[in-house]
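One structure below.
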Amino acid sequence: MRILPTPVRLLLLVLTLLLAAYPLFGAALFGEQHDFYLQKLTTIMIIAIVALSLDLLVGISGMVSLAQAAFFGIAGYTLVLVAPEYEALSIWIALPVCLGVSALAALVMGLLIIRTSGIFFIMATIAFSQMLFYLFHDASFAGGSDGAYLFMKPDVSIAGVQLLDLEKRSTLFYVALASLVGVFLLLRTFLRAPFGQVLLGIKENESRVRAMGYNPLFYKLAAFVIAGTLAGYAGMLSATQYGFVSPSQVGWELSAHVLVMVILGGMGTLFGAILGAFAFEGLHAGFAALTPHWELLMGLVVIGMVLLLPRGIAGLLLQLCECKRKNNKAAAAVGPVKAVKEETL
Numbered sequence: 001m002r003i004l005p006t007p008v009r010l011l012l013l014v015l016t017l018l019l020a021a022y023p024l025f026g027a028a029l030f031g032e033q034h035d036f037y038l039q040k041l042t043t044i045m046i047i048a049i050v051a052l053s054l055d056l057l058v059g060i061s062g063m064v065s066l067a068q069a070a071f072f073g074i075a076g077y078t079l080v081l082v083a084p085e086y087e088a089l090s091i092w093i094a095l096p097v098c099l100g101v102s103a104l105a106a107l108v109m110g111l112l113i114i115r116t117s118g119i120f121f122i123m124a125t126i127a128f129s130q131m132l133f134y135l136f137h138d139a140s141f142a143g144g145s146d147g148a149y150l151f152m153k154p155d156v157s158i159a160g161v162q163l164l165d166l167e168k169r170s171t172l173f174y175v176a177l178a179s180l181v182g183v184f185l186l187l188r189t190f191l192r193a194p195f196g197q198v199l200l201g202i203k204e205n206e207s208r209v210r211a212m213g214y215n216p217l218f219y220k221l222a223a224f225v226i227a228g229t230l231a232g233y234a235g236m237l238s239a240t241q242y243g244f245v246s247p248s249q250v251g252w253e254l255s256a257h258v259l260v261m262v263i264l265g266g267m268g269t270l271f272g273a274i275l276g277a278f279a280f281e282g283l284h285a286g287f288a289a290l291t292p293h294w295e296l297l298m299g300l301v302v303i304g305m306v307l308l309l310p311r312g313i314a315g316l317l318l319q320l321c322e323c324k325r326k327n328n329k330a331a332a333a334v335g336p337v338k339a340v341k342e343e344t345l
């Protein structure tokens with residue numbers, strides 16, 4: 001994966017700093033609406049982690065999955081079911097358990113479907129999501145269709161010293177922001193390593209990668225497990241934020257929304273998935289205020305993006321940076337030519 005152009009890196013840095021500053025100045029800017037926007041931004045950053053995990057599959061590895069919400073929901077349910085009702089569960093127990101269950105679910109599912117491709121792979125992921133949806137919907141131990149509640153958020157402490165108070169919304173906001181930045185940098189590091197180069201090669205030409213001595217199935221399975229684990233981490237954060245999980249968080253509809261985010265932002269860029277998450281939620285809020293049938297308007301936007309900007313928002317930014325680079329290069333090349341002509345005259 002190539003290095004991002006300087007303007008794009010500056011844009012991402014500015015957006016990150018603006019997000020980091022919001023809890024400090026949001027109350028002065030928005031008054032009573034501050035808490036609502038703080039919660040909303042936290043939710044968007046959490047769902048952006050899921051979008052990053054899906055971009056690893058769709059944009060990088062060429063596997064279109066509609067099962068990311070399944071791993072998202074599995075981790076959320078795991079946290080709720082493992083946590084004591086009247087005592088805060090230690091984060092040092094909650095984190096490995098939630099991630100481990102998500103990774104195990106992704107591994108089992110991956111082993112079953114990784115040899116499929118195309119529409120068969122998509123249908124298998126939908127079937128897996130729907131199976132889990134009905135499992136949690138009908139299971140009394142998980143609250144059934146009413147969902148289940150987390151009464152106390154995980155305790156982040158070492159030797160009795162509390163490091164973070166997740167009951168505070170601003171604290172959870174910064175945890176979500178740090179997690180989003182951390183996941184982005186982690187995936188960028190993965191993709192610049194040989195592991196990422198093999199994944200990109202598999203997407204372009206799997207037969208050639210196999211001929212070079214690599215096992216495509218192993219790398220695809222590894223990517224699938226990593227993506228499922230990251231989605232599970234986001235699910236744990238979401239359950240911590242709202243203290244509630246429901247079967248709707250496991251169904252394929254949420255995965256479809258995340259896929260739209262990746263398409264809007266631009267597949268295969270990673271930072272596009274983040275921009276797409278913010279764009280999707282912004283459009284959702286605007287369209288929902290206009291009509292209850294906001295999905296219709298969102299569908300029109302997606303069709304327009306596919307036709308006019310097939311590379312998404314990130315692709316547009318990269319294209320603008322490339323045009324600017326070419327113009328600067330052309331201007332630099334023309335300068336010496338003009339100087340030679342003037343000297344000749």
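Each residue of the sequence shown is one higher than the last, beginning at 1 in my numbering.
By construction, the Cβ of each residue, glycine as well, lies at the ideal position given by its N, Cα and C atoms.
Whether GLY265 touches GLY282 by CB criterion (8 Å): Translated into positions along the sequence shown, residue 265 becomes position 265. Translated into positions along the sequence shown, residue 282 becomes position 282. In this structure, GLY282 does not lie closer than 8 Å to GLY265 by Cβ.
In three-state DSSP terms, what is SER179? Here residue 179 refers to the residue found at position 179 when the sequence shown is read from its first residue. Helix, per DSSP.
For VAL175, count the other beta carbons within 10 Å of its own beta carbon; 16 or more makes it buried, fewer makes it exposed. Which is it? Sequence index remark: in the sequence shown, residue 175 carries index 175 (1-based). Classification for VAL175: buried.
Around the C-beta of ALA330, are 16 or more other C-beta atoms found within 10 angstroms, so that it is buried, or is it exposed? Within the sequence shown, the letter at position 330 stands for residue 330. It is exposed - the Cβ of ALA330 has fewer than 16 other Cβ atoms within 10 Å.
Where are the beta strand (DSSP E) runs, 3 residues long or more, that stay fully inside the region 49-90, in chain order? none
Answer yes if the region 64-81 comes into contact with the region 96-115, meaning at least three C-beta pairs across the two stretches below 8 Å, and no otherwise. yes
By how many angstroms is the C-alpha of ALA28 removed from the C-alpha of PHE224? Indexing the sequence shown from 1 puts residue 224 at position 224. Indexing the sequence shown from 1 puts residue 28 at position 28. Spanning the two alpha carbons is a distance of roughly 43 Å.
When ILE263, GLY268 and PHE184 are compared against GLU204, the one with the closest alpha-carbon: In the sequence shown, counting from the first residue as 1, residue 204 sits at position 204. That would be GLY268, whose Cα lies nearest to the Cα of GLU204.
Taking THR240 as the reference, give the member of ILE119, ALA94, LEU41 and VAL58 with the closest Cα. Taking the sequence shown and counting its residues from 1, the one referred to as residue 240 is at position 240. It is ALA94.
Buried/exposed call for GLY92, threshold 16 Cβ in 10 Å: Here the question's residue 92 lines up with position 92 in the sequence shown. First, the amino acid is wrong: residue 92 is Trp here, not Gly. In this structure TRP92 is exposed. Its beta-carbon is surrounded by fewer than 16 other beta-carbon atoms within 10 angstroms.
Report the CB separation of LEU24 from PHE271 in whole angstroms; it is logged as a contact under 8 Å. Residue 24 sits at position 24 when you count from the first residue of the sequence shown. Residue 271 sits at position 271 when you count from the first residue of the sequence shown. Here LEU24 is actually not in contact with PHE271; their C-beta atoms are around 24 Å apart, not less than 8 Å.
Please identify the residue among LEU52, ASP155 and LEU317 whose C-alpha is closest to the C-alpha of TYR86. As a position in the sequence shown, residue 86 is number 86, starting the count at 1. Considering only LEU52, ASP155 and LEU317, the residue with the shortest C-alpha distance to TYR86 is ASP155.
Short Cβ contact (8 Å threshold) for ARG115 with LEU217: Here residue 115 refers to the residue found at position 115 of the sequence shown. Here residue 217 refers to the residue found at position 217 of the sequence shown. Yes, these two residues count as a Cβ contact at 8 Å.
Measure from the alpha carbon of VAL301 to the alpha carbon of each residue in PHE287, GLY31, SER179 and PHE173, then state which is nearest. For this step, residue 301 is matched to residue 301 along the sequence shown. Measuring from the Cα of VAL301, the nearest candidate turns out to be PHE287.
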